[in-house]
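Here the structure is laid out as structure tokens; the discussion comes afterwards.
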Amino acid sequence: MRPAPVQGKFLTPGVIALILLAANGLAVLAWRLLFGLGAVTNLTNEYPWGIWIGIDVAGGVALAAGGFTTAALGHVMHRERYHAVIRPALLTAMLGYTFVAIGVAVDVGRPYSMWHPLVMWNGNSALFEVGMCVMCYLHVLYIEFLPVVAERFIGRVDLPGLLAPLNAPVDRLLRALDRGLAKTMFVFIIAGVVLSTLHQSSLGTLMVIAGPKMHPLWQTPILPLLFLLSAISVGFPMVIVESMLASRSFGLKPEMDALSDLGRMAAPLLGIWLAFKLGDMFVRETFVHLAKLDKASLFFMAEVLIGIVVPLRMFLSPAVLESPPLLLAASALVVLGVALNRVNNFIVAYTPPFAAGSYVPSLGEVSVTVGFICLLALIYRAMVMIFPVISLPDRSLPVPARYRVRG
Amino acid sequence: MSPSSGRSSRRDFLKTALAAGAAGLAPRPASAAPKPALSPDRMGVLVDTTVCIGCRNCEWACKTAHALPTEPLKSYEDKSVFEKFRRPDDKALTVVNRFDAPKDAGTPHRWAKIQCMHCDRPACVSACIVGALSKSEDGSVLWSTRRCIGCRYCMVACPFQVPAFEYHKALEPSIRKCDFCHDRRRSGGLPACVESCPVEALTYGPREELIRVARARTKRYPQRYASHIYGESEVGGTSWLYLAGGDFADLRLPRLGPDPAPGVSESIQHGIFAYFIPPASLYGLLGLLMWISKNRPERGPHGPGE
């Protein structure tokens, strides 16, 4: 087994659908940039943050946690058998964080001022910390991906036309980078894990300052800890989902060996998260709000049952761990649950004291969010076809026909 | 801030001043970041809602002073606007609302003007990613267009739900809120609303002094006033203070505790960082783990190796 570019056709009917949705999102985005946030979103002075923050940013950061959890497992703990899933997880994290950055940039009112936090610091602001950490981590992710680029292009640099004279210097640069990074990569890998734990938790600190504006079921001083635990819980399930989807899309056999073992680790991690979540609920006696059966309590119960309890039970069953569809289902539940948790924390829990109505995302907001997700999937597909990311069985490598997309 | 002023007898003030990290008084606690010291002479406004007649002159004066489009003053006599509860927004930095008066008030209505409260420990200042909001020495909480990136985190943080955003601008959308007429006051003037009030429902003066005045009024006319001064202790104290004839909740002023508005978020933030010791330790620990596990044969659920 070693990673290689996946062979096959880029365009399929599914891919064309993704392209259309992405184009629709980008068109709406252009509208927002030309006419302001108010022209596209349902955001108001009562509800200043919507799904672009709740899903694109908070959800995106959480679901990109596969990057640092697999790096910790594979590189820090040196569990070599998981190496097959590290590169796909790294690519997901790299693209995920890139879109988080783009998501923030289009949500802020003055995208052209995005560089301000670099020089205008406020150490008291949780958002400042999140911003700085995400920016650093994004760079770390790009550095971690450089060896993959080097592996693909060393000795094969072939720039078109006028740029051809640059072939040799670019090749030399890639070789130098590759050599240098081979010796120093551990610095960046550990930095990636540390930066992730920092901003995954600080993302939880963000809403603490909203104080009584946040529903008591979610508002707690241990929000940073809950955010970190949930990010660690969702890391492996996200890798399972994405690996299964990719192998399905390219007609490959899922890596069940590694994936079952990742699934086996999901149960205890979910258990720890659940324990802290319920413990916090009992310490602060917020369970009284559950009895109201209103919007908040239903969303809270959905998050706990669908996102934690059901998949936790599933991951404990050997039958689920051995069966690709069931493993995928359990993992998908965790992914949905954590995404719902972020939406709950940033949107459902937010109850301003003077609200004329409630916030429902506009069609434009949904278009942009869906468009970004589709664009991410398209770039992921293109990247695994260009770069050696997905591991293929060795013996069959030169036979591209075997990996053609089914159907 | 001079050390002697920090030893002021007023407990509330001392508490907020210390919490704000009054530099020079004592070694700062490790977790507190430097903050501008609160001046004991900072100004405030006392809003006596039992005096207000709902003429809305203050709304007109505010718009005029801040170059916001407004109808002529005459049109403000129209009382139909009171049928809807209004909030300050990007086109009106202060608004007056009408409420039902308490039973024995001798008048069917009460009015209350709302605007930014200019907190002593503002959540918006703590939250702002680029420090575009600041608490100035004269009491006002100011917003700087040079720094703002339009992230709207200040709006998420504000316990009074005051900052408003210009959602329909693609370029340079601003956060709009009352600036306590900072420029007018600096050149010796009064806040526009205070100057325009025909019944002196608004009193401008040093905050400490206003609290004394307010307490004297509530003592002298216990039938007329509720004993509480809204803003004296709410979210660590605000520059704008309110007197009412009944429950402040009837005027839709949010019920808030005495803890400073940023709450525990700053302690969490500084706890996680604490001079970068926790992140650095984690880095070291992971490095050690990496080094130890490097040469160890792998043991998975399927036995050693693969």
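So the protein lines, in turn, are chains A and B. Heads up, the final residue of the first sequence is numbered 407 in this note's numbering, and it's a clean run with no missing numbers. Heads up, the final residue of the second sequence is numbered 306 in this note's numbering, and it's a clean run with no missing numbers. Backbone N, C-alpha and C fix where the C-beta goes; we use that ideal spot for every residue, glycine too. Because the structure is a prediction, the values reported are computed rather than measured.
Counted within 10 angstroms of its Cβ, other Cβ atoms place D179 (chain B) as buried (16 or more) or exposed: With a 10 Å radius around the Cβ and a threshold of 16 neighbouring Cβ atoms, D179 (chain B) comes out buried.
Boundaries of the beta strand (DSSP E) in which W49 (chain A) is found, first to last residue: Segment: none, W49 (chain A) is in no beta strand (DSSP E) and carries neither H nor E.
Boundaries (first-last residue) of the beta strand (DSSP E) holding M43 (chain B): Residues M43 to D48.
Sequence-distant residues of its chain with Cβ nearer than 6 Å to M94 (chain A) (five each side left out): L141 and F145.
Whole-angstrom distance between A382 (chain A) and L11 (chain A), CA atom to CA atom: Separation of L11 (chain A) and A382 (chain A) (C-alpha to C-alpha, rounded to the nearest whole angstrom) is 10 Å.
Where the stretch 73 to 88 of chain A meets chain B: residues whose CB sits under 8 Å from a CB there: For the stretch 73 to 88 of chain A, residues whose beta-carbon sits nearer than 8 Å to a beta-carbon of chain B comprise H75, V76, M77, H78, R79, E80 and R81.
Host alpha helix (DSSP H) of Y97 (chain A) (start-end): Per DSSP, the unbroken alpha helix (DSSP H) holding Y97 (chain A) starts and ends at H83 to D107.
Residue-level contact to chain A via CB, V156 (chain B), 7 Å cutoff: The C-beta of V156 (chain B) comes closer than 7 Å to at least one C-beta of chain A.
Inter-residue CB distance, D178 (chain A) and I154 (chain A) (contact presumed, cutoff 8 Å): Confirmed, about 7 Å.
Three or more C-beta pairs below 8 Å linking the stretch 278 to 294 of chain A and the stretch 237 to 248 of chain A: The stretch 278 to 294 of chain A vs the stretch 237 to 248 of chain A: no contact.
Contact belief for L68 (chain B) with D120 (chain B) at Cβ below 8 Å, rounded distance in angstroms: Not confirmed; about 27 Å, so no contact.
Chain B contact for H116 (chain A) (CB, 7 Å cutoff): Answer yes: the Cβ-Cβ gap between H116 (chain A) and chain B drops below 7 Å somewhere.
Opposing strand residues paired with W111 (chain B) [DSSP bridges]: Answer is B:R98, bridged to W111 (chain B).
Y167 (chain B) and L127 (chain A) closer than 7 Å at C-beta: No, these two residues do not count as a Cβ contact at 7 Å.
Per-residue DSSP class, three states only, for G14 (chain A): In the structure shown, G14 (chain A) falls within a helical segment according to DSSP collapsed to helix, strand and coil.
A105 (chain B) vs C158 (chain B) beta-carbon contact at 7 Å: With respect to C158 (chain B), A105 (chain B) sits apart: the two C-beta atoms are not nearer than 7 Å.
Inter-residue spacing [alpha-carbon to alpha-carbon] between D250 (chain B) and P88 (chain A): CA-CA distance, D250 (chain B) to P88 (chain A), rounds to 58 Å.
Rounded separation between E200 (chain B) and G131 (chain A) - CA only: CA-to-CA, the gap between E200 (chain B) and G131 (chain A) works out to about 47 Å.
Chain A contact residues for M290 (chain B), given Cβ-Cβ distances below 9 Å: Result: H75, V76, M77, H78, F186, I189 and I190.
R98 (chain B) classed as buried or exposed, judged by whether at least 16 other C-beta atoms fall within 10 angstroms: Burial call: buried.
In chain order, each alpha helix (DSSP H) run of at least 4 residues that lies wholly inside the stretch 313 to 352 of chain A: Taken in chain order, the unbroken stretches of alpha helix (DSSP H) that lie wholly in the stretch 313 to 352 of chain A and span 4 residues or more are 318 to 322 and 324 to 343.
R313 (chain A) versus V28 (chain A) - alpha carbon distance: Cα to Cα, R313 (chain A) sits roughly 41 Å from V28 (chain A).
Residues from the stretch 343 to 361 of chain A in contact with chain B, defined by Cβ distance under 8 Å: Cβ contacts with chain B come from Y350, P352, P353 and F354.
Status (buried if at least 16 other CB within 10 Å, exposed otherwise) for L171 (chain B): Exposed, since its Cβ has fewer than 16 Cβ neighbours within 10 Å.
Within 7 Å, strictly: CB atoms of F415 (chain A) and A266 (chain A): Given that chain A is displayed from residue 1 to residue 407, the structure contains no residue 415 (chain A) and the question cannot be resolved.
Other residues of its chain near T309 (chain B): CB distance less than 7 Å, five sequence neighbours each side excluded: Outside the shown range of chain B, which is 1 to 306, sits residue 309 (chain B), and nothing can be said about it.
Alpha-carbon spacing of V360 (chain A) relative to L174 (chain A), whole angstroms: Whole-angstrom Cα-Cα distance: 48 Å.
Residue of A:N124, A:I189 and A:P48 minimising C-alpha distance to D89 (chain B): The shortest Cα separation from D89 (chain B) among A:N124, A:I189 and A:P48 belongs to A:P48.
For V370 (chain A) and G25 (chain A), believed in contact at Cβ under 8 Å, the rounded distance: Yes, G25 (chain A) and V370 (chain A) are in contact; Cβ-Cβ is about 6 Å, under 8 Å.
R2 (chain A), buried or exposed, once every other Cβ within 10 Å from all chains shown has been counted against 16: Under this definition R2 (chain A) is an exposed residue.
Residues of its chain near P224 (chain A), where Cβ-Cβ distance is below 7 Å and the 5 sequence neighbours each way are ignored: These residues qualify, in order along the chain: S201, S202, G204 and T205.
Closest Cα partner of S230 (chain A) within the set A:S260, A:L340 and A:G123: Nearest option by C-alpha distance: A:L340.
Residue closest to K213 (chain A), alpha-carbon to alpha-carbon, out of A:V335, A:L333, A:V157 and A:F346: Its Cα nearest to that of K213 (chain A), the residue A:F346 stands out among A:V335, A:L333, A:V157 and A:F346.
Helix, strand or coil at F165 (chain B) according to DSSP, with G and I counted as helix: Correct three-state label for F165 (chain B): strand.
Neighbour-count burial assignment, F85 (chain B), 16 or more Cβ in a 10 Å radius: Around the beta carbon of F85 (chain B), fewer than 16 other beta carbons sit within 10 angstroms, so the residue counts as exposed.
With 16 other Cβ atoms within 10 Å as the buried cut-off, status of D100 (chain B): It counts as exposed.
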